[in-house]
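Notes follow once the structure below has been shown.
Residue numbers (my numbering): 332 to 682.
The following block contains the structure:
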């Protein structure tokens, strides 16, 4: 597509923005439940950076984030969803109450939108260990890796101090690296921290020592010392990707996340949010669960049957010509899938 070409316009029942575990799970549910669905994914994301997959039952740890997501995308497309690689930079609401997502190559109109736009971790300034090879961001994912190993936590706020103390559950060797910053934790946290066997290292990080396998072995400091570490966690906050939610007018929480109800419904009817962009544990299984719940909720909103008694009284009974409540394209796709019991193209005898 050249710079002069207009974006292609497409229409769907459901548009999911974000191709991480939450977004792909939501799309899998809405597609399998019979709704024309598109996933618009710019690529990247936290899950794509995983060197190994932890805490996902049934998935071996040797599976990388990229492999995990590749399989997930293949599954979603295999059920009939569309996958578009694009960045949605603008969102609007149409006069008839639908939603419009403006990308570089496509403009998508949808009846429901699921925002799975995630967040970006605050990162330490270089020099720093390699991500996934000594620099980590998810305590509940990766703490198990460092049982009885020398570890660091880098940061200067309350969260860094608390994570350092939490790591004492896994190893007796924990340092808190200020990296030249002044501590900003409160007095209560300071009292807690001083009562735990944690070294607070004030000196600035000047270098990193890695082994032949790329894993961290030590960190060098401006005071001339080198300390041995096998890994650690950076705690510099997060930047939530809420631009689209804000354009739709969705309410946000004080921490910057999108405010949602139990099944991902935002304050704007028809707009859902799931995964790391909402409050909760930033875990792959949690994100998948949120995506599943949102997908089912979207299905409840959109499904044609059963028809209410009030609508039956207004429009009359449902006839054989009115069913099934699924597009012919998705029916064709389902009949060609290994997981269904009827195969072959949809023909007149099926209508």
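We put the CB at the ideal spot given by N, CA and C, even for glycine.
How far does the alpha helix (DSSP H) with residue 612 in it extend, from its first residue to its last? On the chain shown, position 281 is the one that residue 612 refers to. Unbroken run through residue 612: none, as it is neither H nor E.
Is DSSP giving residue 471 helix, strand or coil here? The residue given as residue 471 occupies position 140 in the chain shown. It is helical.
Beta-carbon separation of residue 351 and residue 434 under 8 Å? For the purposes of this step, residue 351 is taken as the residue at position 20 of the chain shown. For the purposes of this step, residue 434 is taken as the residue at position 103 of the chain shown. Contact: no.
Verify the contact flag: residue 580, CB atom, against every heavy atom of the ligand MN, threshold strictly below 7 Å. With respect to small molecules bound, the structure shown includes none, and the ligand MN cannot be examined in it.
Can you find the residues in the same chain that come closer than 6 Å, C-beta to C-beta, to residue 557, ignoring five residues on each side of it along the sequence? Locating residue 557 in the chain shown gives position 226, where the first residue counts as 1. 549 and 551.
Cβ-based burial, residue 639 [other Cβ within 10 Å; buried from 16]: Residue numbering aside, residue 639 sits at position 308 when the chain shown is read from its first letter. Exposed: under 16 other Cβ atoms inside 10 Å.
If you scan the region 569-624 from start to end, which runs of the beta strand (DSSP E) of 3 or more residues do you find wholly inside it? 569-571 and 602-604
Could you say if the region 400-417 and the region 353-367 meet the contact criterion of at least three C-beta pairs nearer than 8 Å? yes
Just the C-alpha distance for residue 495 and residue 531, rounded to the nearest angstrom, thanks. Here residue 495 corresponds to residue number 164 of the chain shown, with the count starting at 1. Here residue 531 corresponds to residue number 200 of the chain shown, with the count starting at 1. Roughly 10 Å separates the two Cα atoms.
Local Cβ density within 10 Å of residue 367, reported as buried at 16 or more and exposed below that: Working through the chain shown from its first residue, we reach residue 367 at position 36. Answer is buried; the Cβ neighbour count reaches 16.
Could you compute how far the alpha carbon of residue 398 sits from the alpha carbon of residue 380? Here residue 398 refers to the residue found at position 67 of the chain shown. Here residue 380 refers to the residue found at position 49 of the chain shown. Whole-angstrom Cα-Cα distance: 11 Å.
Contact belief for residue 677 with residue 662 at Cβ below 8 Å, rounded distance in angstroms: Taking the chain shown and counting its residues from 1, one reaches residue 677 at position 346. Taking the chain shown and counting its residues from 1, one reaches residue 662 at position 331. Right, the Cβ-Cβ distance comes to about 5 Å (below 8 Å), so this counts as a contact.
Considering residue 485, what are the terminal residues of the beta strand (DSSP E) in which it resides? Within the chain shown, the letter at position 154 stands for residue 485. Run containing residue 485: 482-485, per the beta strand (DSSP E) assignment.
Run through DSSP, which three-state label would residue 423 get? Taking the chain shown and counting its residues from 1, the one referred to as residue 423 is at position 92. Strand.
Does DSSP put residue 677 in a helix, in a strand, or in coil? Within the chain shown, residue 677 is the residue found at index 346, counting from 1. Correct three-state label for residue 677: coil.
Secondary structure at residue 563, three-state DSSP: helix, strand or coil? As a position in the chain shown, residue 563 is number 232, starting the count at 1. In this structure, residue 563 counts as strand in the three-state DSSP scheme.
Cβ shell of residue 593 (< 8 Å), same chain only, five flanking positions each side left out: Stepping through the chain shown from its first residue, residue 593 is reached at position 262. The answer, listed in chain order, is 624.
What residues are listed by DSSP as bridge partners for residue 400? As a working note, residue 400 is residue 69 in the chain shown. Answer by DSSP bridge pairing: none, since residue 400 is not bridged.
Distance, Cα to Cα, residue 535 vs residue 462? The count along the chain shown starts at 1 and reaches residue 535 at position 204. The count along the chain shown starts at 1 and reaches residue 462 at position 131. Taking the straight line joining both Cα atoms gives about 19 Å.
With distances taken Cα to Cα, identify the nearest neighbour of residue 571 among 343, 611 and 555. What you label residue 571 is simply residue 240 of the chain shown in a count that begins at 1. Looking at the Cα atoms, 611 is the closest of the given residues.
Sequence-distant residues of the same chain with beta carbon closer than 6 Å to residue 483, five excluded per side: Numbered from its first residue, the chain shown carries residue 483 at position 152. So the qualifying residues of the chain are 506, 508, 560 and 563.
Give me, in chain order, the residues of the same chain whose beta-carbon lies closer than 8 Å to that of residue 529; leave out the 5 immediate sequence neighbours on both sides. The residue labelled residue 529 in the question sits at position 198 within the chain shown. Within the same chain, residue 529 has close Cβ partners 495, 496, 499, 505, 506 and 507.
The alpha helix (DSSP H) that contains residue 360, what's its start and end? Along the chain shown, one-based indexing puts residue 360 at 29. Residue 360 -> alpha helix (DSSP H) spans 352-363.
Residue 321 vs residue 578 beta-carbon contact at 8 Å: Because the chain in this structure spans residues 332 to 682, residue 321 falls outside the shown range and cannot be described.
Within the continuous alpha helix (DSSP H) that includes residue 661, where are the two ends? On the chain shown, residue 661 is found 330 positions in, with the first residue counted as 1. Unbroken alpha helix (DSSP H) run through residue 661: 659-666.
With a floor of 3 residues, list each beta strand (DSSP E) that falls wholly inside the region 426-457, ordered by position along the chain. 430-433, 437-446 and 450-452
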